[in-house]
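Colleague: One structure coming up, written as structure tokens, with questions to follow.
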Amino acid sequence: MAIRPQYHFTPKKNWINDPNGLCFHNGRYHLYYQYNPFGVCWGCMHWGHASSTNLLDWEDHPIALAYDNEFDKDGCFSGSAIEKDGLLHIMYTGVKYHNVKLNEHNIPVQADPNGFTPAQIHAVSKDGGLTFEKTLPPAIPVDKHAHPVHVRDPKVWKTKEGFYRLVLGNTENQRQGSLLFYRSDDLISWTYEGKWTSPDFGWGWECPDFFELDGYDVLIFSPMGAGPEECSNLSLYLIGHMDWETFDFRWEKKGFVDECFDIYAPQSFLHENRRIMIGWLRMLTPFPNDDFCGMMTLARELSVREGFLCSYPVAELEQKRVSLYQKKETTHSITTKSACYDLETEFSGDKPFSCQLSGAKNETLKVDYNEKTSVLTIDRSGVLNGYQGMVGANSIRIPLPRKQSHQLRIVMDHSVAEFFVDKGLRTCSCIINPSQELATVKVEFTAPTPCTVWGLTP
Ligand code: FRU
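3 is the number of the first residue of the sequence shown in the working numbering; add one for each residue after it.
Set out below in structure tokens:
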């Protein structure tokens, strides 16, 4: 059994995927999530619910949304939340399977991956987000603009002009992804506004998130069928400018939301001028002998810097820090009490650098910087112990822009580590499964360099 992460949300038991309905409501942050209460595999989708006052210590709540009508009879898929007049509104995708089969865990799933009907449903909570009343029939029935099957995951927001807008992930004949935009004044009745499509990123798009940040329009989405076979599911961002008259999104820059292929379906929300994102850390199977499957990333604050979408742990994490180590050396050897720590250092762009996070003999999560290629490599293959990460993603190469020096922050949380280069210009999350805590850190430079480590308190 792996040691559970402390600050990365995990369910007590069973399967989770996408974060849903992220928001701040009634004095608390809310994290809803795709949840199967019946097993450690995908299926029977409900919205699980946790809340927090600091985005780090999550309190579990009963299931918030379950399937119970002809439009969502086989599952409540992903969606988003928004507060209006003191009440919490959500939009989600309900699904109805055409034919049902039992999978190897005895969980009912759709017999044909293309055999279901989605519906975009509105619901409202009058008890602070614990339960929801659905508005039926669905707010947006399957219409002529949408693909009959692969249209889902409404992300809703309030525009500067004061009306509400939502975006859906869609496909054009299962050949290329598209976004559908709808508008509403009351969150209940919606009208179609426009579409944006591109042949560049796979055959269909899931969990789109569209927002304005630092003077740009940013799209985060999870394309299906983009990229090489072994990592065909990943989350991308595009930065540019949207013409809201023509729905022509002129993007200038693209990138991975995170360099590791564990992250999928990230969602963001705006609270007090911070754009905060949480992503699903995909686990295909549980850790050996464990009974939960899937984690969430740390809550990260987003910004656009140097043309990149940056993400960095929310400042609240710094309040958990307890000073442990601070020195300027060529080689640092640090032993922490437990593998829950926060490390900051910097390395020169033209010198080699390495960092080893170790536990039991030969179990090391390795970080290496090659000054000739300017590539940072994070290799988790020695700390998996039978746990299968996403195929092909156990040694991750991160090309860094040429710079005199780079900052590096590592947040280690027992069975997951998150790496942030240059305050989030590049990030990499890694699920790991060491047999003993990775509580020893060795950092090697070619010249004396400062390194600081804080323990993270429970
Ligand atoms: C993404 C996704 C969504 C869907 C949900 C179902 O991981 O496939 O598109 O709403 O998961 O659980």
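Ideal Cβ placement from N, Cα and C applies to all residues, glycine included. All of these numbers come straight from a predicted model, not from anything done at the bench.
1) Quick one: grab the DSSP three-state call for L58.
2) Kindly give me the distance between the Cβ atoms of N396 and N435, rounded to whole angstroms, as I take these residues to be in contact under 8 Å.
3) Do the region 347–357 and the region 436–451 touch if we need at least three Cβ pairs shorter than 8 Å?
4) What number of angstroms, rounded off, separates the C-alpha of D275 from the C-alpha of K329?
5) Take H408 and list the residues in its own chain whose beta-carbon comes closer than 7 Å to its own, dropping the five residues that flank it on each side.
6) Between which residues of its own chain and I142 is the CB-CB distance below 7 Å, once the five residues before and five after are set aside?
7) With distances taken between CB atoms, is the gap from D62 to Y99 smaller than 8 Å?
8) Leaving out five residues before and five after D187 in sequence, what residues of the same chain have Cβ atoms less than 8 Å from its Cβ?
9) Ends of the beta strand (DSSP E) at V126?
10) Using 10 angstroms around the beta-carbon of R277, count the other beta-carbons present and answer buried if the total reaches 16, otherwise exposed.
11) Residues near ligand 1, CB to any non-hydrogen atom under 6 Å, in chain order?
12) In this structure, does DSSP put D216 in helix, strand or coil?
13) Using 10 angstroms around the beta-carbon of S180, count the other beta-carbons present and answer buried if the total reaches 16, otherwise exposed.
14) Could you check whether V418 and H10 sit closer than 8 Å to each other, using their CB atoms as the reference points?
15) If you pair each beta-carbon of the region 307–321 with each one of the region 28–37, do three or more pairs fall below 8 Å?
16) What distance in whole Å lies between the Cβ atoms of S82 and D20, which are believed to be in contact at a cut-off of 8 Å?
17) Helix, strand or coil for F447, going by three-state DSSP, please let me know.
18) Compute the Euclidean distance between the alpha carbons of I18 and C209, then round it to the nearest angstrom.
19) Consult DSSP for L440 and reduce its assignment to one of helix, strand or coil.
20) Any idea what DSSP makes of D211, helix, strand or coil?
21) Helix, strand or coil for E320, going by three-state DSSP, please let me know.
22) I'd like to confirm the pairing. Which residues does DSSP put opposite L182 in its beta bridges?
23) Considering Cα atoms alone, identify which of H152, P139, N38, K128 is closest to D114.
24) For M279 versus P7, is the C-beta spacing smaller than 8 Å?
25) Can you check whether the CB of E439 is closer than 8 Å to the CB of G361?
26) Taking 8 Å as the cut-off, decide whether the C-beta atoms of I84 and C25 are in contact.
27) Return the bridge partner residues of H408 from the DSSP annotation.
28) Compute the Euclidean distance between the alpha carbons of T375 and C295, then round it to the nearest angstrom.
29) Just the C-alpha distance for N364 and Q358, rounded to the nearest angstrom, thanks.
30) Under a Cβ-count criterion, where at least 16 other Cβ atoms within 10 Å of its own Cβ denotes burial, should V443 be classed as buried or exposed?
31) By a C-beta neighbour count over all protein chains shown, 10 Å radius and 16 as the cutoff for buried, is K14 buried or exposed?
32) Is the beta carbon of L345 sitting closer than 8 Å to the one on C453?
33) Considering P139, what are the terminal residues of the beta strand (DSSP E) in which it resides?
34) Could you pull the DSSP bridge partners for K75 from this structure?
35) I'd like to know whether the C-beta atoms of K262 and I398 end up nearer to each other than 8 Å.
Modeller: Considering the structure as presented:
1) Along the sequence shown, one-based indexing puts residue 58 at 56. Three-state result, L58: coil.
2) In the sequence shown, counting from the first residue as 1, residue 396 sits at position 394. In the sequence shown, counting from the first residue as 1, residue 435 sits at position 433. The Cβ separation is near 12 Å, so there is no contact.
3) Counting C-beta pairs with one atom in each stretch, the region 347–357 and the region 436–451 have three or more that are closer than 8 Å, which means they touch.
4) Here residue 275 refers to the residue found at position 273 of the sequence shown. Here residue 329 refers to the residue found at position 327 of the sequence shown. First, the amino acid is wrong: residue 275 is Asn here, not Asp. Taking the Cα positions, N275 is about 35 Å away from K329.
5) The count along the sequence shown starts at 1 and reaches residue 408 at position 406. These residues qualify, in order along the chain: E348, F349, G351, L402, V423, D424.
6) Numbered from its first residue, the sequence shown carries residue 142 at position 140. The answer, listed in chain order, is Q122, Y184, W192.
7) For the purposes of this step, residue 62 is taken as the residue at position 60 of the sequence shown. For the purposes of this step, residue 99 is taken as the residue at position 97 of the sequence shown. No, the pair does not count as a contact, with Cβ atoms beyond the cut-off.
8) Position 185 of the sequence shown, counting from 1, holds the residue named residue 187. Closer than 8 Å at Cβ, skipping near neighbours: F165, Y166.
9) Here residue 126 refers to the residue found at position 124 when the sequence shown is read from its first residue. For V126, the enclosing beta strand (DSSP E) stretches over residues 118–127.
10) Along the sequence shown, read from residue 1 onward, the residue named residue 277 stands at position 275. R277 is buried by the Cβ-count criterion.
11) Neighbourhood of ligand 1, defined by CB distance below 6 Å to any of its heavy atoms: N19, D20, Q36, M47, F79, S80, T95, R154, D155, E208, C209, Y266, A267, in chain order.
12) Translated into the one-based positions of the sequence shown, residue 216 becomes position 214. Correct three-state label for D216: coil.
13) As a position in the sequence shown, residue 180 is number 178, starting the count at 1. Buried is the label assigned to S180, since at least 16 other Cβ atoms lie within 10 Å of its Cβ.
14) Taking the first residue of the sequence shown as position 1, residue 10 is located at position 8. Taking the first residue of the sequence shown as position 1, residue 418 is located at position 416. With contacts defined as CB atoms closer than 8 Å, H10 and V418 qualify as a contacting pair.
15) Counting Cβ pairs under 8 Å, fewer than three are found: no touch.
16) As a working note, residue 20 is residue 18 in the sequence shown. As a working note, residue 82 is residue 80 in the sequence shown. S82 and D20 do not touch by the CB rule: their CB atoms are close to 10 Å apart, not below 8 Å.
17) Working through the sequence shown from its first residue, we reach residue 447 at position 445. Residue state, collapsed to three classes: strand.
18) For the purposes of this step, residue 18 is taken as the residue at position 16 of the sequence shown. For the purposes of this step, residue 209 is taken as the residue at position 207 of the sequence shown. About 15 Å.
19) By 1-based counting over the sequence shown, the position of residue 440 is 438. DSSP places L440 in coil when its eight states are reduced to three.
20) Looking up residue 211 in the sequence shown gives position 209. Strand.
21) Translated into the one-based positions of the sequence shown, residue 320 becomes position 318. The answer is helix: DSSP assigns E320 an H, G or I state.
22) As a working mapping, residue 182 is identified with position 180 in the sequence shown. According to DSSP, L182 bridges with L170, K197.
23) Translated into the one-based positions of the sequence shown, residue 114 becomes position 112. Ranking H152, P139, N38, K128 by CA distance to the CA of D114 puts H152 first.
24) For the purposes of this step, residue 279 is taken as residue 277 along the sequence shown, with counting starting at 1. For the purposes of this step, residue 7 is taken as residue 5 along the sequence shown, with counting starting at 1. The answer is no: Cβ separation not under 8 Å.
25) Taking the first residue of the sequence shown as position 1, residue 361 is located at position 359. Taking the first residue of the sequence shown as position 1, residue 439 is located at position 437. Yes.
26) Along the sequence shown, one-based indexing puts residue 84 at 82. Along the sequence shown, one-based indexing puts residue 25 at 23. Result yes, Cβ atoms of I84 and C25 sit closer than 8 Å.
27) Taking the first residue of the sequence shown as 1, we reach residue 408 at position 406. Partner(s): F349.
28) As a working note, residue 375 is residue 373 in the sequence shown. As a working note, residue 295 is residue 293 in the sequence shown. Going from the Cα of T375 to the Cα of C295 covers about 36 Å.
29) On the sequence shown, residue 364 is found 362 positions in, with the first residue counted as 1. On the sequence shown, residue 358 is found 356 positions in, with the first residue counted as 1. Their Cα atoms are separated by approximately 11 Å.
30) As a working mapping, residue 443 is identified with position 441 in the sequence shown. It is buried - the Cβ of V443 has at least 16 other Cβ atoms within 10 Å.
31) Taking the first residue of the sequence shown as 1, we reach residue 14 at position 12. K14 is exposed by the Cβ-count criterion.
32) For the purposes of this step, residue 345 is identified with residue 343 of the sequence shown, where counting begins at 1. For the purposes of this step, residue 453 is identified with residue 451 of the sequence shown, where counting begins at 1. Result yes, Cβ atoms of L345 and C453 sit closer than 8 Å.
33) Position 137 of the sequence shown, counting from 1, holds the residue named residue 139. In this chain, the beta strand (DSSP E) harbouring P139 covers 135–142.
34) Against the sequence shown, residue 75 aligns to sequence position 73. None; K75 has no bridge partner.
35) Counted from its first residue, the sequence shown places residue 262 at position 260. Counted from its first residue, the sequence shown places residue 398 at position 396. Checking the sequence, you will find Cys at residue 262 rather than Lys. Yes, these two residues count as a Cβ contact at 8 Å.
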